[in-house]
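Just so you know, the sequence shown maps onto residues 604 to 894 in my numbering. C-beta atoms are modelled at their ideal positions from N, C-alpha and C, and glycine is treated no differently. Take a look at the structure set out below.
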Amino acid sequence: MSYTLILGDYAYSSWSLRGWLLFAKFGIKTKSVLLDFASNTSVADQLAAYAPAKTVPTVVMPDGAIVSESLAIVEELASRHPNAGLWPSAPSDRATARSMTTEMHSGFAALRGDCPMNLRIAFTDTSPSEAVLADVARLETLWAHAHATRQEDGPWLFGTYSAADAFFAPVAARLAGYDLPMSDLAKAYVATHLADRSFRQWRAMGLVQGETLTRYAKPFDVVDWPGPRPLEAHAVSGTDAENDRCPYSGKAVTDVLEFNGRRFGFCNPICRDKTAADPEAWPAFMALVNA
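The structure is reproduced here in structure tokens:
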């Protein structure tokens, strides 16, 4: 089965993150197409070839069907991949997960409006409004309910990662990135998202692809990103490297980074730069390092 996933900017498009996680976390292969959020051409116009879609994420299904609403995407993937585990297996958990996911899809307007997702930067002393604090309180109510009623233990809402966690991933980024007050349970759940390998991969791509968009700037003090601190690596000139093939594509080396005093090669600048942004997020690279 061949899917095409059309995405917005890695750093700023919260709904695109949700859509991408539905594929990445459940082992469903897809080809990604990235739109340009810095373009003067609207997202809807950039999606003209995928009509009637006008928002991201949009998925072109193997049979050509075009699905551009996140709830429709997750349900269609769950139908086509019933063994992938997108929804919890216990009926009560599955019902709760669907209810929470639907509320996330349609609610939390204050949090979305005041705290747009921005994976390039983190703020402190953000003086959240009462409406934002009410949204945070509602999130804590939902998450606490999931923990109190779930049938399986684990770090995610229903023990094992589910589509509900994918939908709440950008919320976790907002709570952390805007230094919003949280309960201990919420802090632990947010930290689980920030440390998740797939989330770190998405953020690494957001750090090195696309432009910094001033419309997402906020007048707050800037602090270090609250997630795990990446290991240090940086791009270097030349093509001399320990490996002669890219660890991701298997293609010939054209671009190189330095890591722990060693040189490793990649097939293009994006492969190199996303790896330099967070080396531990990429198993194929760490396997090369540890070989």
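Residue range of the beta strand (DSSP E) that His908 falls in?
The structure shown has nothing for residue 908, since the chain only spans 604 to 894.
Taking buried to mean at least 16 other C-beta atoms within 10 Å of its own C-beta, is Gly868 buried or exposed?
The residue given as residue 868 occupies position 265 in the sequence shown. By the 10 Å Cβ count, Gly868 comes out buried.
Spatial neighbours of Arg723 in its chain, beta-carbon cut-off 7 Å, leaving aside the 5 residues before and after
Residue 723 sits at position 120 when you count from the first residue of the sequence shown. Excluding residues within five positions, the ones whose Cβ falls inside 7 Å are Ala614, Gly809, Leu810 and Thr815.
Taking the beta carbon of His796 as the centre, do at least 16 other beta carbons fall within 10 Å, making it buried, or is it exposed?
Here the question's residue 796 lines up with position 193 in the sequence shown. The residue in question, His796, is buried, as its Cβ has 16 or more Cβ neighbours within 10 Å.
List the endpoints of the continuous beta strand (DSSP E) containing Asp824.
Counting from one through the sequence shown, the residue named residue 824 turns up at place 221. First-last of the beta strand (DSSP E) with Asp824: Asp824 to Val826.
Going by beta carbon distance, what residues of the same chain come within less than 6 Å of Ala641, once the five residues before and after it are set aside?
Locating residue 641 in the sequence shown gives position 38, counting from the first residue. Closer than 6 Å at Cβ, skipping near neighbours: Glu814.
DSSP on Trp759, reduced to helix/strand/coil?
On the sequence shown, residue 759 is found 156 positions in, with the first residue counted as 1. Note: Trp759 maps to strand in three-state DSSP.
Answer yes or no: do Ala713 and Phe629 have a C-beta to C-beta separation smaller than 8 Å?
As a working note, residue 713 is residue 110 in the sequence shown. As a working note, residue 629 is residue 26 in the sequence shown. No, the pair does not count as a contact, with Cβ atoms beyond the cut-off.
Between which two residues does the beta strand (DSSP E) holding Arg865 run?
Here residue 865 refers to the residue found at position 262 when the sequence shown is read from its first residue. Looking at the DSSP string, the run of the beta strand (DSSP E) that includes Arg865 is Arg865 to Phe869.
Which one of Ile873, Tyr653, Val659 and Ala698 has the shortest CA to CA distance from Ala767?
Position 164 of the sequence shown, counted from the start, is the residue given in the question as residue 767. Cα-wise, what sits closest to Ala767 is Ala698.
For the 8 Å Cβ check, are there 3 or more pairs between the region 610-627 and the region 656-664?
yes
Using C-beta distances below 6 Å, list every residue in its chain close to Ser730, excluding the 5 sequence neighbours before and after it, in chain order.
As a position in the sequence shown, residue 730 is number 127, starting the count at 1. Same-chain partners within the cutoff: there are none.
Option in Ala887, Thr644 and Asp881 with minimal Cα separation from Tyr851:
Counted from its first residue, the sequence shown places residue 851 at position 248. The residue with the shortest Cα to Cα distance from Tyr851 is Ala887.
For Glu845 and Arg866, what's the separation of their Cα atoms in angstroms?
Along the sequence shown, one-based indexing puts residue 845 at 242. Along the sequence shown, one-based indexing puts residue 866 at 263. Their backbone Cα atoms lie some 6 Å apart in a straight line.
What would DSSP say about Leu608, mapped onto helix, strand or coil?
On the sequence shown, position 5 is the one that residue 608 refers to. Strand, per DSSP.
Alpha carbons only, please: which of Leu783, Ala779, Lys790 and Asp738 is nearest the one belonging to Pro758?
By one-based count along the sequence shown, residue 758 stands at place 155. Of the candidates Leu783, Ala779, Lys790 and Asp738, the one whose C-alpha sits nearest the C-alpha of Pro758 is Lys790.
Output the distance between the C-alpha atoms of Ala656 and Lys877, rounded to the nearest integer angstrom.
Position 53 of the sequence shown holds residue 656. Position 274 of the sequence shown holds residue 877. Spanning the two alpha carbons is a distance of roughly 29 Å.
What are the partner residues of Val663, as DSSP defines its beta bridges?
As a working mapping, residue 663 is identified with position 60 in the sequence shown. Its beta-bridge partners are Thr607 and Ile669.
Nearest to Ala700 by CA position, among Arg818, Lys634, Trp746 and Ser682, is which residue?
Numbered from 1 along the sequence shown, position 97 holds the residue referred to as residue 700. Answer by Cα proximity: Trp746.
Residue ranges of each beta strand (DSSP E) run of no fewer than 3 residues wholly in the region 608-646, ordered along the chain?
634-637
8 Å Cβ cutoff met for Gly830 and Ala798
Your numbering for residue 830 matches position 227 in the sequence shown. Your numbering for residue 798 matches position 195 in the sequence shown. A contact, by the Cβ cut-off of 8 Å.
4 or more residues per run - each alpha helix (DSSP H) lying fully within the region 705-771
712-717 and 733-752
When Asp738, Glu733, Lys821 and Gly780 are compared against Ala725, the one with the closest alpha-carbon
For the purposes of this step, residue 725 is identified with residue 122 of the sequence shown, where counting begins at 1. Residue Gly780 is the option with its Cα nearest to Ala725.
Are His750 and Leu788 closer than 8 Å when you measure CB to CB?
For the purposes of this step, residue 750 is identified with residue 147 of the sequence shown, where counting begins at 1. For the purposes of this step, residue 788 is identified with residue 185 of the sequence shown, where counting begins at 1. It is a contact, given that the beta carbons lie within the stated cut-off.
Would you tell me roughly how many angstroms separate the C-alpha atoms of Leu638 and Ala807, rounded to the nearest one?
Stepping through the sequence shown from its first residue, residue 638 is reached at position 35. Stepping through the sequence shown from its first residue, residue 807 is reached at position 204. When rounded, the distance between both Cα atoms is 17 Å.
How would you label Val774, buried or exposed, when you count the other beta carbons within 10 angstroms and need 16 or more for buried?
In the sequence shown, counting from the first residue as 1, residue 774 sits at position 171. Val774 is buried by the Cβ-count criterion.
Per DSSP, what are the beta-bridge partners of Glu845 in this structure?
The sequence position of residue 845 within the sequence shown is 242, counting from 1. Paired residues: none, contrary to the question.
Between the Cα of Val677 and those of Ser616, Trp690 and Phe862, spot the shortest distance and give me the residue it belongs to.
Position 74 of the sequence shown, counted from the start, is the residue given in the question as residue 677. When only C-alpha atoms are compared, the closest one is Trp690.
Sort Pro694, Thr842, Ala681 and Ala894 by Cα distance to Val859 and report the nearest one.
Stepping through the sequence shown from its first residue, residue 859 is reached at position 256. Closest by alpha carbon: Thr842.
Simplified DSSP assignment, three categories, for Glu861
The count along the sequence shown starts at 1 and reaches residue 861 at position 258. Correct three-state label for Glu861: strand.
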